[in-house]
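Peer 1:
Numbering (my numbering), first residue to last: 287 to 466.
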């Protein structure tokens, strides 16, 4: 199922951006004509289109399989680290020396546990597919540019920059005069 032509007529602009510090979340911005009810319909149809897209579903399935493989590998590594930790504890109880700091081993075990938790969360997110994080918001009155405000801000910032530049050049000139 694709998007109907009646829906496409109302779309002015679509942009997708990756959100900082997140591999799984993208922000999809759709600018539509000023019709609140039509905007909700458009978002729902876009969501259905993304969920029904076979290529995207296949990519999500591959990514989820890759994450599940990483989970099993990390769980095996965790089991091995726990066995080594138990052996180290037995050696320390018998007052046998170990050639490393046993606290580092506990840190590694905990980091593997946190990595497994993180990977399981990622797999859960991929399993859910696409969903709305925030409902679409349509302004009653669209925001209009304010050219006078922009001109005033430009004037004030250039004035401040000019004053700072004059102080800097005066300071530099005094230093040059004192050297000669």
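Heads up, the beta-carbon is just placed ideally off N, CA and C, and yes, glycines get one too. Fair warning: this is a prediction, and the values are worked out from it, not measured in the lab.
Over the uninterrupted alpha helix (DSSP H) stretch that includes residue 389, give me the two end residues.
Peer 2: Taken as a continuous stretch (DSSP letters only), the alpha helix (DSSP H) holding residue 389 covers 388-414.
Peer 1: My guess is that residue 367 and residue 339 are in contact by the Cβ rule of under 8 Å, so how many angstroms apart are they, rounded?
Peer 2: Incorrect: roughly 40 Å between the Cβ atoms, too far for contact.
Peer 1: Could you tell me which of 410, 388, 453, 382 sits nearest to residue 349, measuring between CA atoms?
Peer 2: Checked all of 410, 388, 453, 382; the closest Cα to residue 349 is 410.
Peer 1: Is the region 397-404 close to the region 444-451, with three or more CB pairs under 8 Å?
Peer 2: No, the region 397-404 is not in contact with the region 444-451.
Peer 1: Residue 384 by DSSP, collapsed to three states: which one?
Peer 2: Correct three-state label for residue 384: coil.
Peer 1: Under 8 Å by Cβ, that's how I've got residue 374 and residue 405 pegged, so tell me the actual separation to the nearest angstrom.
Peer 2: Contact flag wrong, Cβ pair sits at about 26 Å.
Peer 1: Per the contact definition of three or more C-beta pairs closer than 8 Å, is the region 437-445 in contact with the region 377-389?
Peer 2: Cβ pair count under 8 Å is below three, so no.
Peer 1: Would you please state the rounded distance, in angstroms, between the beta carbons of residue 336 and residue 342? I believe it to be under 8 Å.
Peer 2: Indeed, because the Cβ distance is near 6 Å, the residues count as touching under 8 Å.
Peer 1: What are the boundary residues of the alpha helix (DSSP H) that includes residue 304?
Peer 2: Segment 297-304 is the beta strand (DSSP E) holding residue 304; no alpha helix (DSSP H) there.
Peer 1: In the DSSP output, what is residue 313 paired with across the bridge?
Peer 2: DSSP, once it has assigned bridges, lists 303 as partnering residue 313.
Peer 1: Let's test the definition: count the other Cβ atoms within 10 Å of the Cβ of residue 460 and tell me whether it reaches 16, buried, or not, exposed.
Peer 2: So residue 460 ends up on the exposed side.
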